[in-house]
Amino acid sequence: METEWKKGEVHNCVIKLVSPSNNNSSFSTLNLLLNIWWSQRENPRRRKAKVRVGCGAGFAGDRPSAALKLLQTVEELDFLVLECLAERTLADRYHLMAAGQKGYDPRILEWMSLILPEAVVKRVCIITNMGAVDPIGAQKEVLDLASSLGISFLLPSDEYNAMDRGMSTYLGAAPIVQCLERYEPDLIITSRVADAALFLAPMVYELGWDWNDFNQLAQGTLAGHLLECGCQLTGGYFIHPGDIHREISFEQLLDLSLPFAEIGYGGEVYVAKADGSGGVLNLSTCAEQLLYEVWDPSSYITPDVVIDLRDVYFCSLSDDRVCCDGTKPSTIRYPEKLLRLTPSECGWKGWGEISYGGYKCLLRAEAADFLVRSWVDEKYPGIKDSIISYIIGYDSLKAANSSKRISSSEQLMEVRLRMDGLFKLKEQAIHFAQEFMALYTNGPAGGGGICTGHKEEILLLKEQVEREEVLWRTEARRSNVAVRAEGAREASDLFVIPKRNYVRNITAPALEPAPSGKKIPLYQVAHSRAGDKGNDLNFSIIPHFPGDIVKLRLVITPEWVKGVVSSLLDFSPFSNPMASKQRNDKLEQVTVEIYEARGINSLNVVVRNILDGGVNCSRRIDRHGKTVSDLILCQEVVLP
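In the working numbering, the protein residues as written are 6 to 645.
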């Protein structure tokens with residue numbers, strides 16, 4: 006067996022394996038150190054007139070079988086991207102690795118054992134950020150799997166600590182492009198790379214774009230942004246039985262297809278799903294995903310290009326295919342600095358839940374809340390002010406206004422009290438959980454189903470760093486193999502696509518302007534999706550009838566938004582003067598920005614400092630603020 010090892014200069018990337026079906030192919034792991042710079046490519050070559058890039062995963066909890074289904078049903082797919090690394094995910098993996106556990110995605114073996122055989126057979130290159138803080142460890146596990154599938158390999162001699170104290174810098178497409186150019190791999194495992202850049206890299210590589218082809222990079226980044234959350238583009242996280250414009254059958258939802266995009270050399274972008282599949286791919290799903298986790302649409306920043314999304318528009322070509330156009334580079338073409346995240350300890354979380362049912366159950370929950378706060382204050386005076394409480398099913402998501410909650414309280418026959426505290430010390434969090442457990446014998450009658458816990462929480466500190474400070478390098482080891490190992494499995498042995506047992510019937514209701522001068526819920530006027538970054542939240546307002554944007558501009562004002570979301574700052578559902586003061590203090594820090602996306606006749610609302618610290622340390626049941634979209638839509642408004 007002949008072995009070849011290549012070590013690249015410091016700019017980073019590690020490993021390669023050879024597929025038995027192609028002695029020139031390999032597996033590569035992108036082991037990201039800390040440096041990236043912006044420059045033109047050396048002799049970029051156009052390999053194809055168009056490239057097909059699919060999304061096999063939109064987050065760490067996605068479905069491997071759905072990715073295999075996309076591989077099996079979509080012809081001529083060139084690349085499959087598994088985007089599995091959120092801000093919190095990487096920080097969690099750092100802490101687990103420091104504790105002696107896996108620093109990479111623990112499901113990587115599950116994923117690769119299912120989709121790798123099919124990808125190798127079909128010559129589809131997989132790109133994934135499952136490496137998290139230990140891409141070398143992920144590489145080793147995949148190489149062991151590859152060996153069992155008949156692919157011989159060698160490990161690199163050097164291992165690099167890619168994460169200093171868990172900090173990570175968002176890299177762009179350049180390291181992946183270099184890896185593709187040098188090694189033509191079957192698999193690339195990365196650490197922290199910007200989501201859209203995972204998809205942009207194969208476009209740059211195959212279509213021969215250069216780093217100053219900003220118009221093409223803008224369109225390619227649009228495609229990546231639309232694809233990065235998987236089925237959110239094709240009907241997942243979209244259907245709503247309370248909205249006639251978003252209602253499809255459960256069977257159609259079950260038959261969701263992950264999305265893919267076809268991108269041409271000139272920047273032409275078409276997003277699609279498997280022909281005849283369920284779910285929904287239309288102007289509405291594309292509009293929701295366009296504004297998802299976007300702040301100012303005139304300046305959507307990625308490491309490769311800053312793009313202007315305000316004039317993006319969509320044209321449905323069929324039930325399974327949409328044309329996307331209108332993206333352009335922003336006035337600032339690319340960021341001078343890159344975003345770095347550094348985990349910082351922010352305290353210890355302690356929580357508890359208990360259920361009460363029957364007569365006056367809400368009052369018993371209030372008594373339990375009072376007791377726990379009083380008990381913890383006996384040992385640690387003042388820490389009761391670090392606790393928030395809510396009643397699940399009554400006010401935990403703040404979807405109803407206060408008057409409706411009060412009027413319904415007498416009809417409640419079961420409640421579940423949850424209390425969350427964020428404390429400075431571990432012993433305070435443990436003590437809180439212990440005192441909550443004491444409700445079993447010391448609290449109101451009829452309480453049950455207690456669960457408690459405590460956990461160290463982290464905050465991700467953000468800073469902008471110079472590009473010259475962020476290093477990367479590509480390395481590879483290649484071994485040539487000609488024979489598949491005995492016992493290697495074919496993809497067809499692993500998964501069979503179920504037959505469809507429904508009739509596709511998606512008939513959009515006729516679009517009419519919303520009535521003026523009449524109190525109606527926003528559900529009747531628009532749809533929405535909420536996203537988060539750190540302690541900030543965004544949600545879209547997308548009218549069913551495009552012309553209603555004129556009326557919505559007059560109603561959806563910063564003052565109106567602030568009034569609605571202020572309920573998220575409640576520290577307790579019960580009467581408490583201190584809680585009212587805390588709420589008012591927090592409300593002073595909240596700011597609202599409203600932007601317009603002209604191409605889709607929609608509003609993008611950004612609310613800052615509203616998520617109780619954000620997903621990494623929030624004490625709320627909905628840490629991401631995902632449910633805020635429906636909090637907004639259930640508000641009643643009078644359109645002019």
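The beta carbon of each residue, even a glycine, is placed where N, CA and C say it ideally should be. Nothing here was measured: the structure is a model prediction, and the numbers come from that model.
Between the CA atoms of residue j and residue i - distance to the nearest angstrom
| i | j | result |
| --- | --- | --- |
| residue 543 | residue 532 | 14 Å |
| residue 184 | residue 325 | 32 Å |
| residue 274 | residue 465 | 34 Å |
| residue 361 | residue 398 | 12 Å |
| residue 311 | residue 470 | 17 Å |
| residue 115 | residue 197 | 21 Å |
| residue 612 | residue 402 | 17 Å |
| residue 541 | residue 375 | 31 Å |
| residue 626 | residue 188 | 46 Å |
| residue 339 | residue 223 | 10 Å |
| residue 203 | residue 134 | 8 Å |
| residue 334 | residue 313 | 6 Å |
| residue 583 | residue 389 | 11 Å |
| residue 451 | residue 400 | 21 Å |
| residue 343 | residue 620 | 22 Å |
| residue 646 | residue 65 | This structure leaves residue 646 out entirely; the chain is present only between 6 and 645. |
| residue 218 | residue 547 | 31 Å |
| residue 256 | residue 233 | 24 Å |
| residue 497 | residue 69 | Note that residue 497 scores 40 on pLDDT, short of 50, meaning its location in the model is unreliable; the coordinates nonetheless yield the value given after this. Cα to Cα, the separation comes out at about 14 Å. |
| residue 236 | residue 97 | 24 Å |
| residue 60 | residue 336 | 30 Å |
| residue 421 | residue 249 | 32 Å |
Which residues DSSP lists as bridging residue i, in chain order
| i | result |
| --- | --- |
| residue 133 | 87 and 194 |
| residue 561 | For residue 561, which the question treats as bridged, DSSP gives no partner whatsoever. |
| residue 174 | 345 |
| residue 596 | 613 |
| residue 424 | 357 and 394 |
| residue 326 | 277 and 323 |
| residue 311 | 306 |
| residue 318 | 330 |
| residue 52 | In DSSP, residue 52 forms no bridge with anything. |
| residue 265 | 59 and 277 |
| residue 543 | 536 and 611 |
Contact belief for residue i with residue j at Cβ below 8 Å, rounded distance in angstroms
| i | j | result |
| --- | --- | --- |
| residue 132 | residue 79 | That belief does not hold up - the Cβ atoms of residue 132 and residue 79 are roughly 16 Å apart, past 8 Å. |
| residue 117 | residue 147 | 5 Å |
| residue 516 | residue 561 | Going by Cβ atoms, the distance from residue 516 to residue 561 rounds to 20 Å, so no, they are not a contact pair. |
| residue 137 | residue 307 | Incorrect: roughly 20 Å between the Cβ atoms, too far for contact. |
| residue 353 | residue 428 | 5 Å |
| residue 195 | residue 140 | 7 Å |
| residue 610 | residue 566 | 6 Å |
| residue 577 | residue 394 | 5 Å |
Identity of the residue in the options nearest residue i by Cα
| i | options | result |
| --- | --- | --- |
| residue 49 | 206, 573, 398 and 585 | 206 |
| residue 355 | 378, 548, 180 and 578 | 378 |
| residue 387 | 179, 282, 433 and 591 | 433 |
| residue 186 | 47, 584, 395 and 315 | 47 |
| residue 564 | 179, 65, 603 and 596 | 596 |
| residue 330 | 600, 127 and 220 | 220 |
| residue 74 | 336, 246 and 264 | 264 |
| residue 443 | 345, 90 and 358 | 358 |
| residue 246 | 473, 303, 528 and 548 | 528 |
| residue 384 | 417, 425 and 440 | 440 |
| residue 129 | 100, 144 and 83 | 83 |
| residue 624 | 558, 447, 423 and 456 | 423 |
| residue 99 | 309, 59, 171 and 366 | 171 |
| residue 457 | 426, 61 and 473 | 426 |
| residue 348 | 636, 468, 214 and 282 | 468 |
| residue 366 | 614, 418 and 278 | 418 |
| residue 600 | 315, 105 and 216 | 315 |
| residue 321 | 586, 288, 593 and 297 | 288 |
Residues of its chain near residue i, where Cβ-Cβ distance is below 7 Å and the 5 sequence neighbours each way are ignored
| i | result |
| --- | --- |
| residue 269 | 54 and 55 |
| residue 318 | 330, 331, 604 and 605 |
| residue 178 | 202, 205, 206, 209 and 309 |
Own chain partners of residue i with C-beta closer than 6 Å, once the 5 adjacent residues on each side are dropped
| i | result |
| --- | --- |
| residue 492 | Since pLDDT at residue 492 reaches only 36, below the 50 mark, its modelled position is unreliable, and the value read off the structure follows with that caveat. Taken in chain order, the list of residues that qualify is empty. |
| residue 634 | 533, 534, 535 and 544 |
| residue 231 | 238, 276 and 294 |
| residue 632 | 402 |
| residue 291 | 319 and 327 |
| residue 258 | 244 |
| residue 280 | 325 |
8 Å Cβ shell around residue i - same chain, five flanking residues per side excluded
| i | result |
| --- | --- |
| residue 524 | 641, 642 and 643 |
| residue 150 | 114, 117, 118 and 121 |
| residue 459 | 353, 354, 355, 356, 431, 434, 435, 437 and 438 |
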